[in-house]
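Numbering (the working numbering), first residue to last: 5 to 520.
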């Protein structure tokens, strides 16, 4: 169709089709131009635009599929995006169906057309297949079929608040989930560690009712100015929403800082910002006379702007600090509000050198920096530390070398784990020497469960015979009381009970060694 008046040669029915397409295309351009002026960060101003744009895009895509069959690539991209959505919704059964269909579509596409992107689409298939198979454990039902389990927060899945517990009223509102680990399984711009932490911060959508508590009387004074609550069990639970999340795959330092600032700015009162860092460690080049929060290294941010001909540009002066490193000191400005940090890195211990400058609740959960040699090969399929925070029983089975389990035994082990978590919760809230920050965060269900799983991970790894170095144990800032918590005889007994149930007790010591 070329030149003015060329449409007169087109039949009336086809003219209407072309008119409809042009209308949809024009509407999509208008909405896109409006979206282009919005900032990449923040989330409140996006909501009204997003729905309209998505509706127009869907109509436009359907139109193209009906009237432009040669645009097969757009169909393949749609499949890839649909798979990402299903992954985020934990629809693993549907993901497997879509992967099969996508494989067939790619095969048909490469046979029909002389394409140069066949290797790229095959790589997409390989990535999503590796992503789906990254879980170290298969749960089998009576028919030997693999069961799909949900790792989202479910009703009754977290120890409830009990009468007399003194906890904070803070709510997890925002979470920045950062992934910058090399050679880790990923699909699209989502690493397996990012995916697991994302699922750990989601509620199961079947029932959104969760336990909460209302403002009450300040029972105990502490160093924080935020209110605490004496929980009363007869109070009616309130509906809670999921925290808002930013997923940042290999962000540059400036991008990460921009999103941090936006989230910090929009954080409501009495709310918590969670920062999850899964990234390669950056170590200091030397020791200075006066060590501060920028002298211990940190975690790596994206360095793609400093890559020339595929190689990293070397620093001219080795005494200079790595400019692409997120140091503990870089997070100090955000401690003006309650901050909960999780660092999964080979240099996570750099974040032990934190300072609470503003007296707000602050907790850092830090991964081991060294794993036993027999477990180092598994890091491509996700970090063991994040696996414990995502699904502690799966983490326990992973360190025991178990790759499959019957559904009945899985449920039995989960029941014992619920008892263990209840006892850990009691230890946290009844401790007289624990830092008050842990109690301030304990009122939020997501943070409560993360702290409890962290303690379980600490005790498990300390008892496991393969974990011999101090660097192989998780740490925290502020430190948890070891004798009455991570090294308590009660928790050791529970871990050994779980090991006996799974017939792997030979992998664990009967008690803590003196030098631990």
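We put the beta carbon where it would ideally sit given N, CA and C, even for glycine. Predicted model only: the values in this text are computed from it and were never measured.
Separation of residue j from residue i, as counted between CA atoms
i           : j           : result
residue 521 : residue 137 : The chain is shown only over 5 to 520; residue 521 falls outside these bounds and no answer can be derived.
residue 223 : residue 171 : Confidence in residue 223 is poor, its pLDDT being 31 and thus under 50, which makes the residue's placement unreliable; the coordinate value appears in the next sentence. If you take the alpha carbons of residue 223 and residue 171, they lie about 10 Å apart.
residue 167 : residue 438 : 19 Å
residue 476 : residue 422 : 25 Å
residue 72  : residue 99  : 27 Å
residue 343 : residue 452 : 14 Å
residue 299 : residue 285 : 13 Å
residue 454 : residue 62  : 38 Å
residue 521 : residue 347 : The shown model of the chain, from 5 to 520, leaves out residue 521, and the question about it has no answer.
residue 365 : residue 185 : 28 Å
residue 312 : residue 91  : Any answer about residue 312 is weak, because its pLDDT of 37 lies below 50 and its placement is not dependable; what the coordinates show is given next. Approximately 35 Å between the Cα atoms of the pair.
residue 149 : residue 397 : 20 Å
residue 339 : residue 177 : 15 Å
residue 482 : residue 79  : 51 Å
residue 375 : residue 469 : 12 Å
residue 513 : residue 446 : 31 Å
residue 428 : residue 87  : 38 Å
residue 151 : residue 145 : 7 Å
residue 491 : residue 510 : 19 Å
residue 479 : residue 265 : 27 Å
residue 59  : residue 127 : 30 Å
residue 13  : residue 193 : Model confidence at residue 13 stands at a pLDDT of 45, short of 50, so the residue's coordinates are unreliable and nothing is read from them.
residue 274 : residue 125 : 46 Å
residue 363 : residue 353 : 22 Å
residue 120 : residue 409 : 43 Å
residue 108 : residue 122 : 13 Å
Close beta carbons around residue i, own chain, < 8 Å, minus the five adjacent residues each side
i           : result
residue 189 : 131, 134, 135, 138, 195, 196, 384, 385, 386
residue 523 : Residue 523 lies beyond the range of the chain shown here (5 to 520); nothing can be said about it.
residue 461 : 389, 392, 393, 396, 399, 478
residue 117 : 76
residue 411 : 143, 144, 145, 146, 151
residue 435 : 485, 488, 489
Test item: CB-CB of residue i and residue j under 8 Å
i           : j           : result
residue 580 : residue 407 : Here the chain has residues from 5 to 520 only, and residue 580 is not among them.
residue 110 : residue 129 : yes
residue 356 : residue 277 : no
residue 249 : residue 179 : yes
residue 247 : residue 205 : yes
residue 282 : residue 390 : yes
residue 399 : residue 388 : yes
residue 113 : residue 89  : no
residue 500 : residue 420 : no
residue 507 : residue 174 : no
residue 505 : residue 416 : yes
residue 201 : residue 280 : yes
residue 102 : residue 83  : yes
Proximal residues to residue i (C-beta, below 7 Å), its chain only, five neighbours per side dropped
i           : result
residue 187 : 384
residue 203 : 94, 155, 156, 394
residue 271 : 177, 178, 277, 341
residue 325 : 298
residue 494 : 427
Reference residue i; option with closest CA among the options
i           : options            : result
residue 473 : 486, 272, 377, 382 : 377
residue 251 : 297, 265, 198, 289 : 198
residue 253 : 465, 207, 471, 181 : 181
residue 370 : 363, 362, 358, 379 : 358
residue 484 : 441, 507, 497      : 441
residue 574 : 496, 411, 444      : Here the chain comprises residues numbered 5 to 520, so residue 574 is not present and cannot be evaluated.
residue 160 : 431, 418, 506      : 418
residue 463 : 392, 296, 504, 101 : 392
residue 361 : 297, 267, 114, 349 : 297
residue 345 : 169, 84, 367       : 367
residue 165 : 101, 471, 208, 431 : 431
residue 402 : 382, 411, 410      : 382
residue 465 : 494, 435, 404, 409 : 404
residue 456 : 267, 107, 426      : 426
residue 208 : 183, 169, 158      : 158
residue 444 : 183, 267, 169      : 169
Cβ shell of residue i (< 6 Å), same chain only, five flanking positions each side left out
i           : result
residue 330 : 302, 303, 305
residue 191 : 131, 132, 135
residue 350 : 285, 373
residue 498 : 424
residue 106 : 83
Open item on the list: With three or more beta-carbon pairs closer than 8 Å as the criterion, would you say the region 322 to 336 touches the region 254 to 264?
Closed with: yes
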